[in-house]
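Just below is one structure, and these are the notes that go with it.
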Amino acid sequence: MANPPGSAAVTRVERLPGRRRKRWPLVAISLTLLLLMLVALVDRGGAAFAERRMATEIRKEGFPVDPEVTIKGIPFLTQAVSRDFRDVRLKASDIRRGALRITALDVRARGVHLDPGYRSGVLGTVDGTAFIGFGDLAKAGGNPALELTQGTGDQVNAKIDLGLTQATAAASVTKEGDGIRVRALSLQGLPLNALGGALDFTVPVRGLPLGLAFQSLAVTSDGVELRVTGKDVRFDDR
């Protein structure tokens, strides 16, 4: 039996509201995702601005160039409103202090509070490492030809040119005051006094950025890693 005139059109019209209702959840999800993406972009953009501003000011505290600053924690904007930052990471390289070259500095600052304008502030606590390569340690000790490698524990092995022959020695590496003390312990096949002072020296570690203090050290496969700390470190716009 034929459908009444217009019945097909009525059916199509009746179906449209149902289809629209089915699309609304998808539209809502899409809008929510878009909003979250916009918030994330604004959040990251604000963090990048703060990181650049902070790096410019912190550089004045003993860094050769702007350090790499990374503000941790999400969302950033809630931290920015209060200017209180829970966790900030600072990285820098090629820091020279007298004869000593620090290959890399990597520290974390917690409890950071910035003044209005982000041009000054206080780093509550700072903790991290400063790394010195074996070659730089030997140069700072006045013997750039000294070949140092990792030994047992906090010891190094050293190849030393004694003129007519080369010798291998073991030496301890310890913290002595504010310096790194390298002292010969044994010399393979020769009396220890044959070294003279070639493997007995102290390298001062002073004037670290942010006024960081040298606390302890460890010998690694490539050099010496210093643990450095600071507390209530102030940086200013000057």
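So the mapping is simple: the working numbering equals the position in the sequence shown, first residue as 1, plus 59. Using N, Cα and C, we set each Cβ at its ideal position, and we do this for glycine too. Treat the numbers as computed from the prediction; the structure is a model and nothing was measured.
- With a beta-carbon spacing of about 19 Å, D291 and V128 fall beyond the 8 Å limit used to define contacts.
- Within its own chain, the residues whose Cβ lies closer than 6 Å to the Cβ of L173, once the five positions on either side in sequence are excluded, are R142 and G180, listed in chain order.
- Of the residues I130, L164 and I161, the one whose Cα lies closest to the Cα of G170 is I130.
- Put simply, the backbone Cα of A199 is about 9 Å away from that of F260.
- Partner residues in the beta bridge of A168, as assigned by DSSP, are V147 and V185.
- A direct Cα-Cα distance of roughly 11 Å separates G157 from L267.
- Going by beta carbons, S275 and R286 fall inside the 8 Å limit.
- Beta-bridge annotation (DSSP): E206 is paired with K218.
- Per the C-alpha coordinates, the member of G183, L254 and S280 positioned closest to T227 is L254.
- In this structure, P263 sits near G238, with a CB-CB distance shorter than 8 Å.
- Exclusion of the five residues before and after D195 leaves R160 as the residues of its chain whose Cβ lies within less than 6 Å of its Cβ.
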